[in-house]
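Engineer:
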Amino acid sequence: MSGKQRCSSFSNLSLLLLLLIPLSCISQKRFNQNKSSSHYEDLSIYRPIFTLVEDTLLTSTPANPVIAPPPVLNVNQKVDLVLDSIDLYNVTLRFIDGYTIQVYSGQNREDAMNAKKKLSTDLPNYLSNLQYTQPKFRLTIGKYYNKLEAQKDLLVLRKFFANSILIPERIPIR
63 MSGKQRCSSF
73 SNLSLLLLLL
83 IPLSCISQKR
93 FNQNKSSSHY
103 EDLSIYRPIF
113 TLVEDTLLTS
123 TPANPVIAPP
133 PVLNVNQKVD
143 LVLDSIDLYN
153 VTLRFIDGYT
163 IQVYSGQNRE
173 DAMNAKKKLS
183 TDLPNYLSNL
193 QYTQPKFRLT
203 IGKYYNKLEA
213 QKDLLVLRKF
223 FANSILIPER
233 IPIR
């Protein structure tokens with residue numbers, strides 16, 4: 063094919079596309095739009111007919127009141143016994159498994175006190191607890207019942223104390 067033939071075939075193709083694109087946008091007419099061919103069925107014979115009943119219940123009272131029969135298959139007493147035993151067990155609990163955030167752990171007391179001082183100045187909303195268990199000092203913050211609660215505070219503390227970690231701990235119940 064020569065260059066002129068390619069150019070003319072390209073122009074013919076583009077002309078054909080220019081004619082077909084507007085034709086494709088024309089909405090199509092639907093057939094059977096006349097009302098004689100649409101479906102119609104009278105369903106009124108199948109609909110129930112209700113009559114208005116006067117309020118006779120409010121004016122007349124029954125001579126003998128109806129007493130409900132006692133329940134036969136009632137499990138409330140068994141459930142109450144189980145709930146009472148669970149309650150007694152929960153009363154005897156003194157601790158619960160939870161989590162705390164450890165900010166500092168080391169043998170140097172001055173470093174522990176400096177970390178506590180930095181914590182109280184930078185983040186005054188957090189109450190810290192400095193513990194000494196021989197041979198190390200531990201600076202902890204908070205008592206959390208699950209990891210999800212502690213994770214929010216841990217992200218804030220890691221901005222100031224990069225070595226902060228979440229550790230499991232038994233939390234006393236008051």
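To convert, note that position 159 of the sequence shown is 221 in the working numbering; the numbers rise steadily by one, no gaps. Here a beta-carbon is modelled for each residue, glycine too, at the ideal position from N, C-alpha and C.
1. Tell me whether residue 196 sits in a helix, a strand or coil according to DSSP, three-state version.
2. Which residues in the same chain have their Cβ closer than 7 Å to the Cβ of residue 178, if we skip the five residues on either side of it in sequence?
3. Over what stretch of residues does the alpha helix (DSSP H) that includes residue 100 continue unbroken?
4. Please list, in chain order, all residues of the same chain as residue 233 whose beta carbon is under 6 Å from its beta carbon, the five residues on each side excluded.
5. Checking 8 Å against the spacing of the C-beta atoms, do residue 224 and residue 163 come in under that value?
6. Using the Cβ count rule (16 or more neighbours within 10 Å means buried), how would you classify residue 226?
7. Just verifying my parser: in three-state terms, what is the DSSP assignment at residue 139?
8. Which one or two residues does DSSP pair with residue 166 in a beta bridge?
9. Given a threshold of 16 other Cβ atoms within 10 Å of its Cβ, counted over all protein chains shown, does residue 174 qualify as buried or as exposed?
10. Considering only residues of the same chain and omitting the five flanking positions on each side of residue 188, which have a CB-CB separation below 6 Å?
Structural biologist: Working from what's here:
1. What you label residue 196 is simply residue 134 of the sequence shown in a count that begins at 1. Here residue 196 sits in coil by DSSP.
2. Residue mapping note: residue 178 aligns to position 116 of the sequence shown, counting from 1. Hits under 7 Å: 190, 192, 201.
3. Here residue 100 corresponds to residue number 38 of the sequence shown, with the count starting at 1. No alpha helix (DSSP H) holds residue 100; DSSP gives it neither H nor E.
4. As a first step, residue 233 must be located in the sequence shown, where it is residue number 171. Here the set comprises 158, 160, 205.
5. Position 162 of the sequence shown, counting from 1, holds the residue named residue 224. Position 101 of the sequence shown, counting from 1, holds the residue named residue 163. A distance of 8 Å or more separates the beta carbons of residue 224 and residue 163.
6. The residue given as residue 226 occupies position 164 in the sequence shown. With a threshold of 16 other beta carbon atoms within 10 Å, residue 226 meets it and is buried.
7. Your numbering for residue 139 matches position 77 in the sequence shown. In this structure, residue 139 counts as helix in the three-state DSSP scheme.
8. Indexing the sequence shown from 1 puts residue 166 at position 104. Answer is 201.
9. Start at 1 with the first residue of the sequence shown, and residue 174 comes out as number 112. Burial is judged here by how many other beta carbons sit within 10 angstroms of a residue's own beta carbon; residue 174 has at least 16 and is buried.
10. Here residue 188 is taken as the residue at index 126 of the sequence shown, counted from 1. So the list reads 203, once near-sequence residues are dropped.
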